[in-house]
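Here is the structure we will look at, set down as structure tokens.
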Amino acid sequence: KYNSFVNRIFFYFIGYMIRAKEDYIAILQKYMYKTSTILWAIIWGISTTFCVWLSLHTNETKVFENSYGNLFFSIPAAIFGCISIITTCIILYKTLPPLQILQYIGTHTILILAFHLTLAGWIKGITTYVFQLPLTIYIQPWVQVLFTLTIVLSSIPICYLYDKIIKWFINS
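Structure representation (structure tokens):
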């Protein structure tokens, strides 16, 4: 579809520009430390508000069907969503002490990405066949958040085993 093609080209272009100009990242890091957390919170509030407002005015987005809704609303909503995620990370970085579990998960994101669909299938299978819960329960937002946390936390043993196997291969 034309819709998905334009979205892909647009975000590939943005990624290419950021990667080609490493100065953008250096500027962001420089201002991240100098700017107050309150200003980042204001930026987060504005970007999240625009992201939600624009998302409500676009058609339903279905990534698995390459249907991204109205381009006039979906591309700005995605940009404001990216800004919202970046400012959320900056605010958490500036306000929270370093958490070991987040650093561990962050260093193993490629493993989590590799195994998350398998873990999702297992978790849905357990909830459906063992606990007799209908699959329609996954429509609820609180269940989706719990489901995501369960996938990430259940991937930690896989990451631990991966670390042990790699160290065993290196040492032998």
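Using my numbering, you'd call the opening residue of the sequence shown number 839 and step up by one each time.
Idealized CB from N, CA, C, for every residue including glycine.
- By the beta-carbon neighbour count (other beta carbons within 10 angstroms, threshold 16), residue 945 is exposed.
- Around the beta-carbon of residue 910, fewer than 16 other beta-carbon atoms lie within 10 Å, marking it exposed.
- Straight across, the Cα-Cα distance linking residue 948 with residue 989 is about 14 Å.
- Only buried fits residue 918, as 16 or more other CB atoms lie within 10 angstroms of its CB.
- Assignment of residue 946 by DSSP, reduced to helix, strand and coil, places it in the coil class.
- The continuous alpha helix (DSSP H) containing residue 1003 extends over residues 994 to 1009.
- Assigned with DSSP and collapsed to three states, residue 922 falls in helix.
- Inter-residue distance for residue 982 and residue 915 is about 21 Å (C-alpha atoms, whole angstroms).
- Counting the other Cβ atoms within 10 Å of the Cβ of residue 889 gives 16 or more, which makes it buried.
- For the set 978, 994, 880, the Cα lying nearest the Cα of residue 925 is the one of 880.
- Secondary structure note for residue 977: it is in no alpha helix (DSSP H), with a DSSP letter that is neither H nor E.
- The C-alpha of residue 896 lies about 10 Å from the C-alpha of residue 913.
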